[in-house]
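For the sequence shown, position 216 (counting from the first letter as 1) is numbered 215 according to numbering that gives the first Met the number 0, and the numbering increases by one without interruption.
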Amino acid sequence: MLLLYAILAALTVSAASFVGLIFLFSDKQMHSRRLHMLLALAAGAMIGNAVLHLLPHAFSLEPAWHNPAPIVEVMKEPATGDHDHHGDGDHDHPQVVPSAGHSHAAHGESGLYASVLLILGMLGFYGFDLAIQRCNRETNPDCKSGEEAGTGKIGGVSSEGWLVLIGDGVENFLDGFVIGASFLLGVPAGIAATVTIFIHEIPLELGDYAVLRHAGFSRGKALLANFASGSVSVLGVLVSIFLGSIVPWFTFAATPIAAGAFIYIASSILVPKLRRECADGNGLLYFGMSVLGVGAMALILLLE
């Protein structure tokens, strides 16, 4: 029964991906300025999510990574009130007693390993982005060089669309992992974590929908792709409940990688696109939307 509750909670969070429905019955083509405003919102939300939520969570998990015994308890922070970007308590870092001797715990407290994984996440998505562009040049010999060559497409969809789906899928997996761990501590704890994650996902999913539309997805396909990415949280629930105690380091490794993915997508793909659109005289508006995206992530952090 507990597993059923956790899966239903994950599906509820996945439903946030349908926030794009508010645009489904609007104009046939999303207005250019409105789309760019949502892209700016997405850029701010992605950076805010990475810096304010995912990275602090990774730093809090790192000391326990060097002392495996308590790490399962650290990963279940949402229900215990310790720092977790999906929890509903305060944000103090968990106090984990390091192993005796000089071990790597001292370095762990500085966030060294989380920082390395963050860089690996950025480099990995950078490489994937370049691979998509190279594939596009090989399959389309007439592809122009310069800025237009930087919009490599697979199946008619630009690289940022696929990158967003992968990055969002990783984070949704982590969301499901947290939901599963919370329900293991009790139904009330699981419900609290689910509500927090759902609120957190709304601005992110809205931005993701805008990115997918801009990348070349149709309205219906953008909604379905977003929901498919969100449904990965169900897999996270299953892993959390069945394998969480066997591979407790997984969350620590995946969290900074997801943060690196979002930082790369926002800073290397979305922001350059917005800079090129500043000629329409709406640069200040786009900047304000990005600030709003960061502010939304900060507000959620304060409300947790």
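Idealized CB from N, CA, C, for every residue including glycine.
(message) Three or more C-beta pairs under 8 Å: does that hold for the region 162 to 170 against the region 250 to 264?
(response) yes
With distances taken Cα to Cα, identify the nearest neighbour of F286 among A42, L20, L223, L7. A42
Taking the C-alpha atoms as reference points, what is the distance between D167 and R133?
-> 23 Å
Taking just the CA atoms, how far does G280 sit from D81? Caution applies to D81, whose pLDDT of 47 falls short of 50 and renders its modelled position unreliable; the value that the coordinates give is listed next. Here the alpha carbon of D81 sits roughly 45 Å from the alpha carbon of G280.
Practice prompt. Return yes when the Cβ of S228 is within less than 9 Å of the Cβ of D207, no when it is not.
Written response: yes
(message) With H, G and I counted as helix, E and B as strand and the rest as coil, what does DSSP make of D26?
(response) Its pLDDT being 47, under 50, D26 is placed unreliably by the model, and nothing is read from it.
Three-state class that DSSP yields for S157 in the structure shown = strand
When we look at the beta-carbon of L269 and count the other beta-carbons within 10 Å, is it buried (16 or more) or exposed? Residue environment analysis places L269 among the buried positions, since at least 16 neighbouring C-beta atoms fall within 10 angstroms of its C-beta.
Which residue comes first and which comes last in the alpha helix (DSSP H) that contains V290?
-> 282 to 302
**Study point:** Through-space distance from G189 to F182, alpha-carbon basis
**Key:** Here the alpha carbons of G189 and F182 stand approximately 4 Å from one another.
- Task: Taking only the alpha-carbon atoms, compute the straight-line gap between G110 and E61 and give it to the nearest angstrom.
- Result: 7 Å
### Query
Between F169 and A49, is the Cβ-Cβ spacing less than 9 Å?
This sequence places Val at residue 169; Phe is not what is there. Taking 9 Å as the Cβ cut-off, V169 and A49 do not qualify as a contacting pair.
Mapping DSSP to helix, strand and coil, what is I118? helix
Query raised in the report: Can you tell me whether DSSP reads S230 as helix, strand or coil?
Result: coil
Just to confirm before moving on: does the CB-CB distance between G373 and G235 stay below 9 Å? In the structure as shown, the chain begins at 0 and stops at 303. Residue 373 is therefore absent and cannot be evaluated.
Starting from the C-beta of L203, find all residues in its chain whose C-beta is less than 7 Å away, skip the five residues before and the five after it, and write them out in chain order. A44, N48
Range of the contiguous alpha helix (DSSP H) that encloses S13: Note, S13: alpha helix (DSSP H), 1 to 13.
Three-state secondary structure (DSSP) at S217? coil
| field | Contact set for K272: own chain, Cβ-Cβ below 6 Å, skip 5 residues either direction | value | Nothing meets the Cβ criterion.
>> I'd like to check one pair, F249 with A233: are the Cβ atoms closer than 9 Å?
In response: Before going on, a small fix: residue 233 reads as Val here, not Ala. Against a cut-off of 9 Å, the Cβ pair of F249 and V233 comes out as no contact.
Contact check, A9 vs G175 under 8 Å by CB: the rounded distance?
5 Å
- Task: Tell me whether L301 is buried or exposed, calling it buried when 16 or more other Cβ atoms sit within 10 Å of its Cβ.
- Result: exposed
If you follow the alpha helix (DSSP H) that I256 is in, where does it begin and where does it stop? 249 to 263
For I196, which three-state DSSP category applies?
helix
* Candidates L1, H35, F17: which alpha carbon is nearest M288's? -> H35
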